[in-house]
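Take a look at the structure below.
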Amino acid sequence: VKMLIWVPLLVLAPAEAFISPSLSRHRSIGGRRSHLPTRSVSMAASSTADCVIVGAGMSGMSTARTLAQQQPDLSVVVVEKDAAPGGRVQTDNVDGFLCDRGFQVFIEEYPMAKRTFDYKALKLRNFLPGALVLKGGEFNLVSDPIRRPQDLLASLLSPIGTFADKLKVGLYRLSCVRSTEEDIFSRPERPTVDFLRNELKLSDSMISSFFLPFYRGIFLAPLDRQSSRMLSGSS
197 VKMLIWVPLL VLAPAEAFIS PSLSRHRSIG GRRSHLPTRS VSMAASSTAD CVIVGAGMSG
257 MSTARTLAQQ QPDLSVVVVE KDAAPGGRVQ TDNVDGFLCD RGFQVFIEEY PMAKRTFDYK
317 ALKLRNFLPG ALVLKGGEFN LVSDPIRRPQ DLLASLLSPI GTFADKLKVG LYRLSCVRST
377 EEDIFSRPER PTVDFLRNEL KLSDSMISSF FLPFYRGIFL APLDRQSSRM LSGSS
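Here our numbering runs 196 ahead of the position in the sequence shown, where the first position is 1.
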């Protein structure tokens, strides 16, 4: 929960919860390890501040910086329960495996992000389009041949879905590329799972092995609660 309190407040929290710029620790931006300025600040058992921000994720730190820039006379404290800032934009090393917290996809065209972040300093990198799907003990490629034509043959030979499924998805992908936002939002809206089954007529195997886990990870909702328009807009 992110919360701003604009009046003096009694703060009770462990010393490591108070974050201010100084020392660097390794964190991740967009699924990569990077540096975020952090320091544990020792404070008395109780302190007062003009503003307390609860949560040192991207929203909390961005708010703190904006306040510092626009209201330099205010005393601002950021309270974080974790050992380091970053919220869900972090990578944990678990027995040698790098595990991202959250779905680390970042869209650069967000107006607020453009005003907040220094893209050149972050050194963002693009993800390859598509996914590796585990089936039969092996990872199988499902890619976008429009953006990665070199992956066309591997995607066609992949056991994920039938050849007919791939042909239908390819034709649908081409129609989405040629569509405007007005075209997409003028179409009838239905649950994504119904659209895949009844409109595109994809096999249950294709839906369950690729579309269900992939789009549930993106939109954080089951396919029957997702809009077919969002599928078109993200294709």
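Glycine is no exception: its CB is placed at the ideal position from the N, C-alpha and C atoms. A quick note: this is a predicted structure, and the numbers were derived from the prediction, not measured.
Excluding residues up to 5 positions away in sequence, Thr388 and Phe415 lie with their Cβ nearer than 8 Å to the Cβ of Met426 in the same chain.
Glu276 sits buried, since 16 or more C-beta atoms from the chains shown fall within 10 Å of its C-beta. For Val338, the enclosing beta strand (DSSP E) has its first and last residue at Glu334 to Val338.
Bridge partners of Val290 according to DSSP: Phe293. Beta-bridge pairing by DSSP links Val273 to Val248. Sequence-distant partners of Leu392 (beyond 5 residues in either direction) whose C-beta falls short of 7 Å from its own C-beta, in its chain, are Leu398, Ile403 and Phe407. In the three-state reduction of the DSSP assignment, Ser423 falls in the strand class, which pools E and B. By the neighbour-count criterion, in which a residue is buried when 16 or more other Cβ atoms sit within 10 angstroms of its Cβ, Ala279 is exposed. If you look at Ala360, you'll find it in the alpha helix (DSSP H) that goes Phe359 to Val373.
Here Leu416 carries a coil assignment [DSSP, helix/strand/coil]. In terms of Cα proximity to Arg344, the closest of Phe302, Gly366, Val273 and Ala245 is Gly366.
Under DSSP, Pro268 takes part in no beta bridge, so it has no partner. Assigned with DSSP and collapsed to three states, Val389 falls in helix.
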